[in-house]
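Asks:
Residue numbers (the UniProt record's numbering): 1 to 679.
#1: Identify, in the order they occur along the chain, each residue of the same chain with its Cβ nearer than 6 Å to the Cβ of residue 398, setting aside the five sequence neighbours on each side.
#2: Rounded C-beta distance between residue 378 and residue 367? I'm assuming under 8 Å.
#3: Smallest Cα separation from residue 158: which of 299, 345, 94, 140?
#4: At which residues does the alpha helix (DSSP H) containing residue 341 begin and terminate?
#5: Assuming residue 137 is part of the beta strand (DSSP E), what are its boundary residues?
#6: Does the stretch 163-177 come within contact of the stretch 288-304, defined as at least 3 CB pairs closer than 8 Å?
#7: Tell me the rounded alpha-carbon separation between residue 449 and residue 501.
#8: For residue 457, tell me which candidate among 105, 470, 464 has the shortest Cα-Cα distance.
#9: Got a sec? Which residues, its chain only, sit under 6 Å from residue 238 by beta carbon, not counting five neighbours each side?
#10: Contact criterion: CB-CB distance below 8 Å. Does residue 157 meet it with respect to chain C?
#11: Could you check which residue in 504, 424, 357 has the C-alpha nearest to that of residue 406?
#12: Spell out the partners DSSP gives residue 84 in its beta bridges.
#13: Taking the CB atoms as reference points, tell me whether residue 182 and residue 171 lie closer together than 8 Å.
#14: Please list the terminal residues of the continuous alpha helix (DSSP H) segment that includes residue 312.
#15: Looking at residue 131 and residue 91, is the spacing between their C-beta atoms short of 8 Å?
#16: Which first and last residues belong to the beta strand (DSSP E) in which residue 373 is found?
#17: Ordered along the chain, which non-local residues of its own chain (more than five positions away) have a Cβ less than 8 Å from that of residue 89?
#18: Which stretch, first to last residue, makes up the alpha helix (DSSP H) that contains residue 149?
#19: Determine the extent of the alpha helix (DSSP H) in which residue 300 is found, giving its start and end residues.
#20: What separation, rounded to the nearest whole angstrom, lies between the Cα atoms of residue 418 and residue 493?
#21: Grab the span of the beta strand (DSSP E) containing residue 483 for me, first residue to last.
#22: For the stretch 168-209, which segments carrying the alpha helix (DSSP H) assignment without a break, of at least 4 residues, lie completely within its bounds, in sequence order?
#23: Please report how far the alpha carbon of residue 330 lies from the alpha carbon of residue 360, in whole angstroms.
#24: Compare the C-alpha of residue 319 against each of 515, 309, 332, 303 and name the closest.
#25: Between the Cα of residue 426 and those of 439, 381, 400, spot the shortest distance and give me the residue it belongs to.
#26: Have a look at residue 515 and residue 393 and give me their C-alpha separation to the nearest angstrom.
#27: DSSP state of residue 249, grouped into three classes?
#28: Identify the continuous alpha helix (DSSP H) that holds residue 67 and give its terminal residues.
#29: Got a sec? Which residues, its chain only, sit under 6 Å from residue 410 by beta carbon, not counting five neighbours each side?
#30: With a 10 Å radius around its C-beta and 16 neighbouring C-beta atoms as the bar for buried, classify residue 497 as buried or exposed.
#31: Among 391, 108, 476, which residue has its Cα nearest to the Cα of residue 510?
#32: Just how far apart, CA to CA, sit residue 59 and residue 79?
#33: Give me, in chain order, the residues of the same chain whose beta-carbon lies closer than 8 Å to that of residue 459; leave out the 5 immediate sequence neighbours on both sides.
#34: Roughly how many whole angstroms lie between the Cα atoms of residue 464 and residue 599?
#35: For a test of the three-state rule: what should DSSP assign to residue 438, helix, strand or coil?
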């Protein structure tokens, strides 16, 4: 029998057990066997089901919609109702998104923009099954429709923290709009899903001609008037905002002279005007992660792309990590080494050069938690050698140990410093081998492509605004399978030493490279690529018919001034345009020299594209402004820093219930023994 002198101790012990159990349940439920399907929000399985197609129907005021399309580069939100898989969400914010792809569509006859859907833009706290924001990508420059999907799939397979993705069939006001790829926006719901409620800081290093990046944290609505004012100023000739100028090396810290700035600047202060802005001095739009000094202002291209509002202390942690990275000190303390190596391995396999791997140094997210940095994947429509890859041979044999383009390894410290360490390089090679064995070797890649094709082919065939005809799609898919097979052979040879694994080594032993004569990269889609698809006015059907009749093989037509007119699918990408313009402007004579022509062709430009740039008003005559994955993949390899967290709404209810049960048990215990004592 329990005596009265022990009762208080027993009560205290019971209450301590309740508190401890509740704390464990809230923080690490998996440790007590509670992690179930509720460990992930509803949208993970019910929205981003990779074996199904998401249905999205947008209903918006017709005038507002047309006005938004007309001014797409302003990236202004309008209100719409979005019916997703049969459920309608009211007052959702929608706007066009993108950088070069946005400009290309805006400068073409198409209005097949990528869009961002922000469910909580007008209604605070509104989500779609738990996701606060998602983007739908227009699959521009990719005749296969698969490049981004497969890249994300491979990242997920390798345990890299990756946004969710699934194909979607989109209609607007009941009209077929196009077949897109939906991707989870890397914002709050993404961060909670992957890192828990106490997630760290997330940055998108991207400064593109003064425009807000497609996925930067949107400016609060009480600042929209100031935002619009700034945009108007940026679009007026001769006006350059200080922030934008510094970010692009204009009157900033670069070595470019005032005279050079004058020669390069068009309307809005950028080469070629607002439509192409943002690539002064070949600096690209991202961040190389080089250490400059300890000043926060020296890293504006990182911190201006913050997704969540940070403090000086947050920024200083990033700078400290970058400093140690560049010094090669305590790398594992300041860098998520393992996840970065996995990320680099996938990026190398898919030859994604519109990334940190090239002079663009963008299209990645930088995640910081407790002073440690990791890189997260984003934007892969130009993967599989769709950007700056040069010849088919150089793409198929892209060197695994110097996986950069147009730069030296030393210019990309987070890649260079890790691969300088033998242990890390060996692990990186292991991850390359894991991708070969588990994803692309022995016909596995072809099987994955075939499975994906069986899911989407019917939708692609009926895509009302397709950039490519269905015949181009089928040819692209076949070429993609062949590319994957040859890429796997080259990587295997580089790993076993039969093929040089560096750019320098390959240049000296070209006879050892995998024969890529069967590969035509343009068939899969390359930078600026896309057919004549889209919609002009309201006559979508006739436009599609015209696109299918003419296809992608049209030659540039002559306009009234005699200059070649590039079709949407023929336009070079923005960074290529900037480099080409500088080469053309450097010509002293009327015609380009052999060396200049060689430089232009090394950029991957066709004869028609070279003629187009040469004849543009901002050419030699001076600047003008006219111008299905393996199921094994998602589970076989887990990222070390990924935390599965419960959805807070369900968790709170369950925790509260369990807590009350224990409290009730404790009270009953007290009452029972109090009564026993009194009797």
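Glycine is no exception: its CB is placed at the ideal position from the N, C-alpha and C atoms.
Given the structure is predicted, the values throughout are model-derived calculations rather than measurements.
Replies: Taking the geometry as given:
#1: Sequence index remark: in the chain shown, residue 398 carries index 398 (1-based). These residues qualify, in order along the chain: 351.
#2: Within the chain shown, numbered from 1, the residue matching residue 378 stands at position 378. Within the chain shown, numbered from 1, the residue matching residue 367 stands at position 367. Contact doesn't hold; Cβ gap of about 12 Å is too wide.
#3: As a first step, residue 158 must be located in the chain shown, where it is residue number 158. The shortest C-alpha to C-alpha distance from residue 158 to any of 299, 345, 94, 140 is the one to 345.
#4: Counting from 1 along the chain shown, the entry for residue 341 is found at position 341. For residue 341, the enclosing alpha helix (DSSP H) starts and ends at 337-349.
#5: Within the chain shown, numbered from 1, the residue matching residue 137 stands at position 137. Bounds of the beta strand (DSSP E) holding residue 137 are 133-137.
#6: Too few Cβ pairs lie closer than 8 Å, so no.
#7: What you label residue 449 is simply residue 449 of the chain shown in a count that begins at 1. What you label residue 501 is simply residue 501 of the chain shown in a count that begins at 1. Approximately 27 Å, taken between the alpha carbons.
#8: Here residue 457 corresponds to residue number 457 of the chain shown, with the count starting at 1. The shortest C-alpha separation from residue 457 is found at 470.
#9: Taking the first residue of the chain shown as position 1, residue 238 is located at position 238. Since pLDDT at residue 238 reaches only 32, below the 50 mark, its modelled position is unreliable, and the value read off the structure follows with that caveat. Nothing listed; no residue qualifies.
#10: Protein chain content of the structure displayed is limited to a single chain, and chain C is not contained in it.
#11: To locate residue 406, count along the chain shown from 1; it is residue 406. Of 504, 424, 357, the residue nearest in Cα terms is 357.
#12: Here residue 84 is taken as the residue at index 84 of the chain shown, counted from 1. Residue 84 pairs with 56, 87.
#13: Here residue 182 refers to the residue found at position 182 of the chain shown. Here residue 171 refers to the residue found at position 171 of the chain shown. Note that the C-beta distance between residue 182 and residue 171 is not below 8 Å.
#14: On the chain shown, position 312 is the one that residue 312 refers to. In the DSSP annotation of this structure, the continuous segment of the alpha helix (DSSP H) that includes residue 312 starts and ends at 312-327.
#15: As a working mapping, residue 91 is identified with position 91 in the chain shown. As a working mapping, residue 131 is identified with position 131 in the chain shown. Residue 91 places its beta carbon 8 Å or farther from that of residue 131.
#16: By one-based count along the chain shown, residue 373 stands at place 373. The continuous beta strand (DSSP E) containing residue 373 extends over residues 372-377.
#17: Along the chain shown, one-based indexing puts residue 89 at 89. Within the same chain, residue 89 has close Cβ partners 81, 82, 83, 119, 126, 128.
#18: Taking the chain shown and counting its residues from 1, the one referred to as residue 149 is at position 149. Element bounds for residue 149: 147-157.
#19: As a working note, residue 300 is residue 300 in the chain shown. Annotation: the continuous alpha helix (DSSP H) that includes residue 300 extends over 300-303.
#20: Here the question's residue 418 lines up with position 418 in the chain shown. Here the question's residue 493 lines up with position 493 in the chain shown. The straight-line gap from Cα to Cα measures roughly 22 Å.
#21: Here residue 483 refers to the residue found at position 483 when the chain shown is read from its first residue. Membership of residue 483 in any beta strand (DSSP E) is not indicated; the residue belongs instead to the alpha helix (DSSP H) covering 470-496.
#22: Listed in chain order, the complete alpha helix (DSSP H) runs (minimum 4 residues) inside the stretch 168-209 are 188-195.
#23: By 1-based counting over the chain shown, the position of residue 330 is 330. By 1-based counting over the chain shown, the position of residue 360 is 360. One C-alpha to the other measures close to 28 Å.
#24: Counting from one through the chain shown, the residue named residue 319 turns up at place 319. The shortest Cα separation from residue 319 among 515, 309, 332, 303 belongs to 303.
#25: To locate residue 426, count along the chain shown from 1; it is residue 426. Looking at the Cα atoms, 400 is the closest of the given residues.
#26: Locating residue 515 in the chain shown gives position 515, counting from the first residue. Locating residue 393 in the chain shown gives position 393, counting from the first residue. C-alpha separation (whole angstroms): 7 Å.
#27: Stepping through the chain shown from its first residue, residue 249 is reached at position 249. Here residue 249 scores only 31 on pLDDT, less than 50, and its place in the model is too uncertain to base an answer on.
#28: Mapped onto the chain shown, residue 67 falls at position 67. Start and end: 62-70.
#29: Your numbering for residue 410 matches position 410 in the chain shown. The residues are 416.
#30: On the chain shown, residue 497 is found 497 positions in, with the first residue counted as 1. If you draw a 10 Å sphere on the C-beta of residue 497, you find fewer than 16 other C-beta atoms in it, and that means exposed.
#31: Residue 510 sits at position 510 when you count from the first residue of the chain shown. Closest option to residue 510, Cα to Cα, is 391.
#32: Here residue 59 corresponds to residue number 59 of the chain shown, with the count starting at 1. Here residue 79 corresponds to residue number 79 of the chain shown, with the count starting at 1. Taking the straight line from one Cα to the other gives about 9 Å.
#33: By one-based count along the chain shown, residue 459 stands at place 459. Exclusion of the five residues before and after residue 459 leaves 53, 167, 169, 179 as the residues of its chain whose Cβ lies within less than 8 Å of its Cβ.
#34: Here residue 464 corresponds to residue number 464 of the chain shown, with the count starting at 1. Here residue 599 corresponds to residue number 599 of the chain shown, with the count starting at 1. For residue 464 and residue 599, the distance between alpha carbons rounds to 38 Å.
#35: For the purposes of this step, residue 438 is identified with residue 438 of the chain shown, where counting begins at 1. DSSP, read as helix, strand or coil, puts residue 438 in helix.
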